[in-house]
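Reading through the structure tokens given below for one structure.
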């Protein structure tokens, strides 16, 4: 009986590659903006109770989840079959690509968190024509991809927690964008889905 090609793949290295590309993009963009005098990370600056709480929990989730991911990779803690692990690698790399394209399209308007007084340009072009939140979508794909590669209860719980907190952050940001950009954002919101797809394309069919 022939052994599937997927059995030979170095999954620890591939999972680390997914994380390295993703967080390399994240911190690389942050460093580039810092050199321009832009403060990218603005999580927790807003003092409104609801916004502040969600951003604090989101920060905890997004900081703790990669620690759990790395622990699972180093310890080899996985219960999923090999074909599922290869699928996870493909999903994770898709997340990396989506995230990279999204931060490139945002240019210097990209921020982590809701700014308190730093108003940026509303971006609706590029990948944002097909997703209102492609950077968050990239996060989700990365989490799911690594989970498929190193599936265990701990990784599942932390990944689910991170995805949930990112969704709550999206809901907070939508309220901020609507109050800040008014009709322009409302019109955009009515044309593009929160995660993926254009409503106008569906209506034409």
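Residue numbers (the numbering used here): 109 to 313. Note that the Cβ used here is the ideal one computed from N, Cα and C, for glycine as well. All values derive from a computational prediction rather than experimental measurement.
Query                                                                                                                                          : Result
Candidates 302, 180, 258 and 280: closest to residue 238 by CA position                                                                        : 302
Bridge partners - residue 300, DSSP secondary structure assignment                                                                             : 306
Unbroken stretches of the alpha helix (DSSP H), 4 residues or longer, contained in the region 208 to 269                                       : 242 to 257
Which of helix, strand or coil DSSP assigns to residue 149                                                                                     : strand
Best match in 167, 133, 149 and 148 for proximity to residue 88 [C-alpha to C-alpha]                                                           : In this structure the chain extends from 109 to 313, so residue 88 is not present and cannot be described.
Residue span of the alpha helix (DSSP H) that contains residue 131, given as start and end                                                     : 119 to 143
8 angstroms Cβ cutoff met for residue 163 and residue 277                                                                                      : yes
Among 290, 226, 190 and 271, the one whose alpha carbon lies nearest that of residue 122                                                       : 190
Supposed close pair residue 274, residue 248 - CB separation, criterion 8 angstroms                                                            : 7 angstroms
Pair within 8 angstroms by beta-carbon distance, residue 203 and residue 253                                                                   : yes
Residues of its chain near residue 159, where Cβ-Cβ distance is below 7 angstroms and the 5 sequence neighbours each way are ignored           : 222 and 280
Whole-angstrom C-beta distance between residue 181 and residue 124, which should lie under 8 angstroms                                         : 6 angstroms
From 234, 143, 146 and 167, residue whose alpha carbon lies closest to that of residue 152                                                     : 167
Rounded straight-line distance, which links the Cα of residue 257 to that of residue 197                                                       : 7 angstroms
Beta-carbon proximity check, residue 126 vs residue 201, cutoff 8 angstroms                                                                    : yes
Contacts around residue 195, its chain only, beta-carbon distance under 8 angstroms, and the 5 residues preceding and following it disregarded : 256
Pick from 155, 136 and 230 that is closest to residue 224, judged by C-alpha positions                                                         : 155
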